[in-house]
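Student:
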Amino acid sequence: MSSITQTGPIPATRAAAGAPRRPRRNRGGFVLGVTAWVVGLLFVLPILWMLLTSLHSETSAATNPPSLGAALTLQGYREFFGSATGTSPWPSLLNSITASVLSTILVLLLAIPAAYALSIRPVRKWTDVLFFFLSTKMLPVVAGLLPIYLFAQRARLLDNIVLLIVLYTAMNLPIAVWMMRSFLVEVPKEILEAASMDGAGLTRTLRSVVAPIVSPGIAATALICFIFSWNELLFARVLTSTAAQTAPVFLTGFVTSQGLFLAKVCAAAIVVSLPVLIAGFAAQDKLVQGLSLGAVK
Amino acid sequence: MSVAVDTGQSSHGAVAGASPQTDRRRRSEQWSRRGPLLPALIFTIVVTQLPFVVTLVTSFMNWNAYYPKERGFAGVTNFRRVLTNVSTRHAILTTIVLTATVVLVSLLLGMGIALLLDRKFFGRGAVRTMLIAPFLVVPVAAALLWKHALYNPQYGLFNGLLTSVWRLFGSNNPPQVDWITSQPLIAIEASLVWQWTPFMMLILLAGLQSRPLDIIEAARLDGASSWQVFRYMTFPHLRQYLELAGLLGSIYVVQNFDAVFTITSGGLGTANLPYTIYQTFYNAHDYGRASAAGVVVVIGTILIATFALRTVSTLFREESR
Numbered sequence: 020m021s022s023i024t025q026t027g028p029i030p031a032t033r034a035a036a037g038a039p040r041r042p043r044r045n046r047g048g049f050v051l052g053v054t055a056w057v058v059g060l061l062f063v064l065p066i067l068w069m070l071l072t073s074l075h076s077e078t079s080a081a082t083n084p085p086s087l088g089a090a091l092t093l094q095g096y097r098e099f100f101g102s103a104t105g106t107s108p109w110p111s112l113l114n115s116i117t118a119s120v121l122s123t124i125l126v127l128l129l130a131i132p133a134a135y136a137l138s139i140r141p142v143r144k145w146t147d148v149l150f151f152f153l154s155t156k157m158l159p160v161v162a163g164l165l166p167i168y169l170f171a172q173r174a175r176l177l178d179n180i181v182l183l184i185v186l187y188t189a190m191n192l193p194i195a196v197w198m199m200r201s202f203l204v205e206v207p208k209e210i211l212e213a214a215s216m217d218g219a220g221l222t223r224t225l226r227s228v229v230a231p232i233v234s235p236g237i238a239a240t241a242l243i244c245f246i247f248s249w250n251e252l253l254f255a256r257v258l259t260s261t262a263a264q265t266a267p268v269f270l271t272g273f274v275t276s277q278g279l280f281l282a283k284v285c286a287a288a289i290v291v292s293l294p295v296l297i298a299g300f301a302a303q304d305k306l307v308q309g310l311s312l313g314a315v316k
Numbered sequence: 003m004s005v006a007v008d009t010g011q012s013s014h015g016a017v018a019g020a021s022p023q024t025d026r027r028r029r030s031e032q033w034s035r036r037g038p039l040l041p042a043l044i045f046t047i048v049v050t051q052l053p054f055v056v057t058l059v060t061s062f063m064n065w066n067a068y069y070p071k072e073r074g075f076a077g078v079t080n081f082r083r084v085l086t087n088v089s090t091r092h093a094i095l096t097t098i099v100l101t102a103t104v105v106l107v108s109l110l111l112g113m114g115i116a117l118l119l120d121r122k123f124f125g126r127g128a129v130r131t132m133l134i135a136p137f138l139v140v141p142v143a144a145a146l147l148w149k150h151a152l153y154n155p156q157y158g159l160f161n162g163l164l165t166s167v168w169r170l171f172g173s174n175n176p177p178q179v180d181w182i183t184s185q186p187l188i189a190i191e192a193s194l195v196w197q198w199t200p201f202m203m204l205i206l207l208a209g210l211q212s213r214p215l216d217i218i219e220a221a222r223l224d225g226a227s228s229w230q231v232f233r234y235m236t237f238p239h240l241r242q243y244l245e246l247a248g249l250l251g252s253i254y255v256v257q258n259f260d261a262v263f264t265i266t267s268g269g270l271g272t273a274n275l276p277y278t279i280y281q282t283f284y285n286a287h288d289y290g291r292a293s294a295a296g297v298v299v300v301i302g303t304i305l306i307a308t309f310a311l312r313t314v315s316t317l318f319r320e321e322s323r
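Taken in sequence, the protein lines are chains A and B. When we follow this note's numbering, the leftmost residue of the first sequence carries the number 20, and every step to the right adds one. When we follow this note's numbering, the leftmost residue of the second sequence carries the number 3, and every step to the right adds one.
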């Protein structure tokens, strides 16, 4: 663990600090607790509204003032998955799954050995390498877009999911290297030494000693890479058209139909966001570490 | 960008007069260390660094896909066109305003919320989960949600709530606002603040929870007020986390494309640089000018990134101490 998280006897002090609270502070604490609840509800309100609207019929979704108690229906979802626009969202959803899952696997295959060479058995100047990876993440994607487009045109890779997989792998690799390194440095040196003294080879050490310790870290890294790939719009929008179109691109083209469409759009937004919400809540504890590229735990 | 893979020289300090055999063994030992790193490193260089080199070259070229015969060296013409063009200059300004507003407002909100969540109260876990949720809505979906379900002047939630509240007080004449048309940039900023506040909150909360609480409790016992504890103990500790959150947030928000593309399609004066570059390249096919604008964004980002890297490396050094 890092010295940032490890700040002495927190649990003990926290418990001790809680006990002798005076009643005056308790009332203040109650008010602050209620405030926190109100703020939390305000932030989640748009999502609840989106959920409620997606379950209304188009006519009761488009009322002013809003009709909260209107009858619930799955019509919006049914229309999203088929009849409404004439185009099924399944190919786009499948493309998104393919691009996100395969790029995540590729990222892990590249990042775990790299992180190993930057932590457990470090190369010389490993900090420089680590910061090189980080610096690539800071360059704006849009500035590399044109050469990639022209290359794809020449190589006949436009509208091909393989191109997106490669790009998403490159996009997430720095995050994964930083995250995986921060998990691998937590493997105690003594255990590794003991394993090698007992005659365990590299493969066996990795499999039976390192893997069990870092597997939660691998899972968190995978979930975060999955989220970023799933969310990506700019590359997908420019480099795909019909065959390799991903779910976010499908969403941008969804609001072209005439008439009332609010319930459908909300249903679409929920369906497309669902994998990210699930992955995000699953990785909740490690989310900070991933978002701060492993700098904060 | 320089890549720091060492070549030659042993990691254990070359001993003068070492036999060729130990030298060879040392070298092979180094390559076995480098081996696992190389695939990731080479992949990253090829996919992320080469395109930027091409962009840099193209930015000095006269290259429009509509006029393929006029391709050639253009010197700094593209940069002059980018920097003198009114709409690009406006896009640069929009990018700065958008990024600064979103990052500062979500930092402030995030800090307030992190302070609220740092104390124990009933259902803290549930509130934390609710607060993370906006960050976990796909950006395009979030933009669509704000544009259609919240901002829509006829039946969006905001105007709907105005109607309900006015009715409550017996008025049939509620104010109805066309949110996006009247305040296009603020409309985009609000949706982004909603998505980025959780990000700031998470990093700041992690910072708060790493405070040395025993020292703070000691200060309290010595009679320090809550404000004094915040001002002289919490805030200085939190500063590097504020910097980190702000800089990482800036790097992501500077690049924002999804919200601008979805909510206004760059109209009403909201086109930022990424959107402008996308248009110059995707619709106008002016590759030279798009590349020059891209180089401008890179230079701007490098300015932020230098500070960001410094902050990360400070945290990093503390961690490995």
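Built from N, CA and C at the ideal position, the CB exists for glycine as well.
Whole angstroms is fine: what's the gap from E77 (chain A)'s alpha carbon to F100 (chain A)'s?
Tutor: 16 Å
Student: Using the Cβ count rule (16 or more neighbours within 10 Å means buried), how would you classify S21 (chain B)?
Tutor: So S21 (chain B) counts as exposed.
Student: Could you tell me the alpha carbon to alpha carbon distance between R41 (chain A) and L43 (chain B), rounded to whole angstroms?
Tutor: Note that R41 (chain A) scores a pLDDT of 49, beneath 50, so its modelled location is shaky; the value from the coordinates is reported in the next line. Whole-angstrom Cα-Cα distance: 57 Å.
Student: Flag P30 (chain A) as yes if its beta-carbon sits less than 7 Å from any beta-carbon of chain B, otherwise no.
Tutor: With a pLDDT of only 44 at P30 (chain A), under 50, the local geometry of the prediction cannot be trusted, and the value read off the model is given with reservation. Not closer than 7 Å to any Cβ of chain B, the Cβ of P30 (chain A) fails to qualify, so no.
Student: With a threshold of 16 other CB atoms inside 10 Å of the CB of L113 (chain A), please say whether the residue is buried or exposed.
Tutor: With fewer than 16 Cβ atoms within 10 Å of its Cβ, L113 (chain A) is classed as exposed.
Student: What is the rounded straight-line gap between the Cα of G15 (chain B) and the Cα of I243 (chain A)?
Tutor: Annotation note: pLDDT 43 at G15 (chain B) (below 50); position unreliable, coordinate value reported separately. Taking the straight line joining both Cα atoms gives about 40 Å.
Student: Span of the alpha helix (DSSP H) holding A133 (chain A)?
Tutor: 109-135
Student: Applying a beta-carbon distance threshold of less than 9 Å, which residues of chain A neighbour T35 (chain B)?
Tutor: Reading the sequence as shown, one finds Arg at residue 35 (chain B) and not Thr. A136, R140, P141, V142, R143, listed in chain order.
Student: Where are the alpha helix (DSSP H) runs, 4 residues long or more, that stay fully inside the stretch 211-243 of chain B, in chain order?
Tutor: 215-223, 228-231
Student: Is the separation between the beta-carbon of G125 (chain B) and that of T199 (chain B) shorter than 7 Å?
Tutor: no
Student: Excluding the 5 residues preceding and the 5 following G48 (chain A) in the sequence, name in chain order all residues of the same chain whose CB lies nearer than 6 Å to its CB.
Tutor: none
Student: At the level of alpha carbons, what is the spacing between E1 (chain A) and S86 (chain A)?
Tutor: Residue 1 (chain A) lies beyond the stretch modelled for chain A, which goes from 20 to 316, so this question has no answer here.
Student: Would you kindly check if the distance between the Cβ of V284 (chain A) and the Cβ of H287 (chain B) is under 7 Å?
Tutor: no
Student: Taking only the alpha-carbon atoms, compute the straight-line gap between A322 (chain A) and K208 (chain A) and give it to the nearest angstrom.
Tutor: As shown, chain A starts at 20 and ends at 316. That puts residue 322 (chain A) outside it, with no answer to give.
Student: How would you call R200 (chain A), buried or exposed, if buried means at least 16 neighbouring beta carbons within 10 angstroms?
Tutor: buried
Student: Determine the extent of the alpha helix (DSSP H) in which F263 (chain B) is found, giving its start and end residues.
Tutor: 260-265
Student: How would you list, in chain order, the residues of chain B whose beta-carbon sits under 7 Å from the beta-carbon of I167 (chain A)?
Tutor: By Cβ distance, chain B contributes P53.
Student: Taking the straight line between their C-alpha atoms, what separation do you get for T26 (chain A) and T72 (chain A)?
Tutor: With a pLDDT of only 42 at T26 (chain A), under 50, the local geometry of the prediction cannot be trusted, and the value read off the model is given with reservation. Each residue's Cα considered, the two are about 46 Å apart.
Student: On the three-state DSSP scale, how would you describe R41 (chain A)?
Tutor: For R41 (chain A), the pLDDT reaches just 49, beneath the cut-off of 50, and the residue's location in the model is therefore unreliable, although a value from the coordinates is still provided. In this structure, R41 (chain A) counts as coil in the three-state DSSP scheme.
Student: Name the two residues that bound the continuous alpha helix (DSSP H) containing T222 (chain A).
Tutor: 221-224
Student: I'd like to check one pair, L194 (chain B) with A261 (chain B): are the Cβ atoms closer than 7 Å?
Tutor: yes
Student: How is D147 (chain A) classed by DSSP in three states: helix, strand or coil?
Tutor: helix
Student: Mind checking which residues open and close the alpha helix (DSSP H) that includes K283 (chain A)?
Tutor: K283 (chain A) -> alpha helix (DSSP H) spans 281-301.
Student: Compare the C-beta of P207 (chain A) against all C-beta atoms of chain B and say whether one is closer than 7 Å.
Tutor: no
Student: If we ignore side chains and look at the alpha-carbon of each, how far apart do L240 (chain B) and Q211 (chain B) end up?
Tutor: 10 Å
Student: Using a beta-carbon distance cut-off of less than 7 Å, what residues from the stretch 150-173 of chain B approach chain A?
Tutor: H150, A151, L152, Q156, Y157, L159, N161, G162, T165, S166, R169
Student: Label V63 (chain A) either buried or exposed according to how many other C-beta atoms from any shown protein chain fall within 10 Å of its C-beta, with 16 as the threshold for buried.
Tutor: buried
Student: Please return the same chain residues whose Cβ sits closer than 8 Å to the Cβ of V297 (chain B), not counting the five positions on each side in sequence.
Tutor: T57, L58, S61, F81
Student: What does N250 (chain A) reach in chain B if we use C-beta pairs closer than 7 Å?
Tutor: V140, P141
Student: DSSP puts D288 (chain B) in a beta bridge; with which residues?
Tutor: B:N66.
Student: Flag this pair as yes or no: are the beta carbons of A247 (chain B) and M202 (chain B) separated by less than 7 Å?
Tutor: With respect to the 7 Å criterion, A247 (chain B) and M202 (chain B) are classified as neighbours on the basis of their beta carbons.
Student: By DSSP, does G101 (chain A) sit in helix, in strand, or in coil?
Tutor: coil
Student: What is the residue span of the alpha helix (DSSP H) that Q172 (chain A) lies within?
Tutor: Note, Q172 (chain A): alpha helix (DSSP H), 164-173.
Student: Would DSSP call G172 (chain B) helix, strand or coil?
Tutor: coil
Student: Apply the 10 Å Cβ neighbour rule to W33 (chain B) and answer buried if 16 or more other Cβ atoms are within range, or exposed otherwise.
Tutor: exposed
Student: Per DSSP, which one or two residues make a beta bridge with G269 (chain B)?
Tutor: Answer is none; G269 (chain B) lacks a bridge partner.
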